[in-house]
Amino acid sequence: MKLMLHVAPGIVRRPIVSSVILETKALINIERAKVDAVSGEIVVDVEPERCSEVKAAFEARGVRVVLLENPIVKDDEECIHCGACISICPTGTFHFKGSEVVADAGKCVQCGTCVTACPQRALRLILK
Amino acid sequence: MSEINERIRDGSVRVVTAEEMPDLVDELGTDGAVREVDVVTTGTFGAMCSSGLFLNTGHSDPPIKISRAWLNNVEAYGGVAAVDLFLGATQPSEDRGDEYGGAHVMEDLVSGREVELRAQGAVTDCYPRSDLETTLRLGDFNQAIMVNPRNSYQRYAAATNSTDRTLHTYMGTLLPRYGNISYSGAGSLSPIPNDPDFEYIGVGTRIFLCGGQGHIIGSGTQHLPQSGFATLMVKGDLKEMSAEFLRAATFQDYGPSLYVGLGVPIPILNERIAKNSAVRDREIITEIVDYGVPRRDRPTVRRVNYEQLYSGSVEIEGSEVRTSALSSRHVARKVASALGASIRRGEFFLSAPVEPLIATGRNNPMKQTKEFLLVRDVMSPEVATAREEISIQEAAAMIVGGPFDHLPVVSEEGRLIGMVTAWDVSKAVASGKTSHISEMMTRKVFIASPDEPMELAARKLHHHKISALPVVDKDHRVVGMVTSDHLSRLYGRRGSL
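Quick note, the sequences are listed as chains A and B, same order. Under the numbering used here, think of the first position of the first sequence as 125, with each following residue one higher. Under the numbering used here, think of the first position of the second sequence as 306, with each following residue one higher.
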């Protein structure tokens, strides 16, 4: 399952991810990270059965954690099922089912590449 | 043909789609297919930038001779008589930029929404009015006639990108280092591949156009059937069209375009037509070209057929590269089946063409009469290069002794591997830490090629905020250098590039 970590300015320089890994010994995959001088936004993938434990460990360190249940929304009125979103997605969120494009939202890491690649502007990130 | 129209009238017509035809011909043979099938329906739904709309607004009181006009702030051409306008699909709006354009005005009109017309007039004795504003719906126009100069390409080159930067093109987002392949076209469903000899497709052929009935009015611009790139010029009434088959789009950092749904019914009059209409995706070949080369003649990476493109991945240089389409196969199938349904309902009759499309077209490069500078015309051809083993002192001496602040670093074979600037040297001396240039050189160097237009090199300098580009040949050997000094000299001498 994917967690969005919002790391606040006061704690962004601390080795938070590694300390959570050492404490929980959970396998954590960093899918996307944007960290600058003042804050950070990190998407991690965690095994489903360890998810609440890992979430609590991050929260204990002052990180705001959002479970990415439905990170991307496709407007089916606008979608023409061209498939422009398929080949540009780094995590393989979209695929053809018959001749229609369907999304497996659980794979999305909210990188946003598809939002601008969609000629019909049918995709939207749900930011939390 | 009149027999087929008779069967459309009495409801006994036998229609299949172009996707069903190959198996039918395999099973029945071409002679059997001629006996069993009357019409094969084709369809395509893709971005067709070369599309537009003639609008007649009716005369105002007092009357105006419109010279310039805007619909929802998208400029339409007003230089046709007094109240005829031509709205191009790719014209961006003046207030919303690329996110709204001519294509979006068309979709708004088809969807029943109001549009704001603003116009300026040339004042004459017969047209005294100088400006005008009004709100109109599709029904308020006398005529709204779509006339598309180039639609329904026979096939289209697929696109990929060899550079290390993401490109935003009219072929969509192209990821760096052959990260994906983007293609367009409906393959074996597409109209022209089903009648490549124009036995039925010609001037006056009645077609399905965006949900209504339209006509082919001739071959399209850039029509080049001798190379497999035939195109159609088509016309239809916007008032009959539906938003299911006419959709506005925006390509990121390119602009607006229009998705057009177009289908041609092909009567199976003889075995030759039956054979041609049994074409399969794997028999339609196109090229994958590298959009990383920003020139008219982009290099071909490989040849590919539509079956391979549809499969989801294609091999380039030993790796599987994911493919995806910009055109919609889903809606193309809907076009072919909607056309079939209207034929079966007795609402769509076939029309014999007045004459076939021309068999030999023309798509020559532009004749450019103004001087066109290439990097090779401007660059300094003599450039000192260094090996990475040299010391900072040696590098400093080379920079001081040469005309540039930049020192390209090359491998034993003479290939460019890095760059050192006077600033890098100063920084290294100030820190006192590094001793060899291999520790401080920039390894990711932006480059230019000798055949690249100078304008593009200038754009790279600006885009990456750098002041020099080493010029390298095919083998990555340094053959020159262009710097911002060259640009200022050029500009100073000529006034413009």
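Glycine included, C-beta positions come from ideal geometry on N, C-alpha and C.
Under a criterion of Cβ atoms nearer than 7 Å, the residues of chain A adjacent to Y564/B are, in order, I204. Following the DSSP letters along the chain, one finds F218/A inside the beta strand (DSSP E) bounded by residues 218–221.
Boundaries around V239/A are those of the alpha helix (DSSP H), 237–241, since no beta strand (DSSP E) includes it.
Taking the CA atoms as reference points, G568/B sits about 6 Å from I512/B. In this structure, the straight-line span from the alpha carbon of G706/B to that of V725/B is close to 15 Å.
Close partners of T347/B in chain A (Cβ separation under 7 Å) are lacking, with about 16 Å as the shortest Cβ gap. In the DSSP assignment, no residue is bridged to Q673/B.
Interface with chain B (8 Å Cβ-Cβ cutoff): E193/A is excluded. Straight through space, the alpha carbons of H741/B and A735/B are spaced by roughly 14 Å.
Chain B has no Cβ within less than 8 Å of the Cβ of R156/A.
T747/B is bridged by DSSP to M724/B. The C-beta distance from S493/B to R585/B rounds to 5 Å, short enough to fall under 8 Å. Pairing M326/B with P572/B gives a Cβ-Cβ distance that is not under 8 Å. Chain A places a beta carbon closer than 8 Å to that of A554/B, counting this residue as a contact. Against chain A, the beta carbon of L543/B has no neighbour under 8 Å; the closest one sits roughly 19 Å away.
In this structure the region 623–642 of chain B touches the region 545–564 of chain B; the number of beta carbon pairs closer than 8 Å is three or more. By a beta-carbon distance limit of 8 Å, S355/B contacts N456/B. Their separation comes to about 7 Å. Residue environment analysis places H769/B among the exposed positions, since fewer than 16 neighbouring C-beta atoms fall within 10 angstroms of its C-beta. Under the 8 Å Cβ criterion, the region 308–317 of chain B does not count as touching the region 209–227 of chain A, having fewer than three qualifying pairs. Sequence-distant partners of Y475/B (beyond 5 residues in either direction) whose C-beta falls short of 6 Å from its own C-beta, in its chain, are F556, Y559. If the five residues before and after E757/B are omitted, its C-beta is found closer than 7 Å to the C-beta atoms of L679, V680, all from its own chain and listed in chain order.
The beta carbon of Q234/A sits no closer than 8 Å to any beta carbon of chain B. With a threshold of 16 other beta carbon atoms within 10 Å, T478/B meets it and is buried. Taken atom to atom, the span from the alpha-carbon of R138/A to that of P172/A is near 26 Å. A buried status is given to G541/B, since no fewer than 16 other beta-carbon atoms sit within 10 Å of its beta-carbon. When DSSP assignments are scanned along the region 377–436 of chain B, the uninterrupted stretches of alpha helix (DSSP H) that are 4 or more residues long and fall wholly within it turn out to be 407–415. Note on P133/A: under 16 other CB atoms within 10 angstroms of its CB, so exposed under the neighbour-count rule. Under the 8 Å criterion on CB atoms, A241/A is classed as interfacial with respect to chain B. When DSSP states are grouped into helix, strand and coil, P661/B belongs to the strand group. For L537/B, the secondary structure class from DSSP, reduced to helix, strand or coil, is strand.
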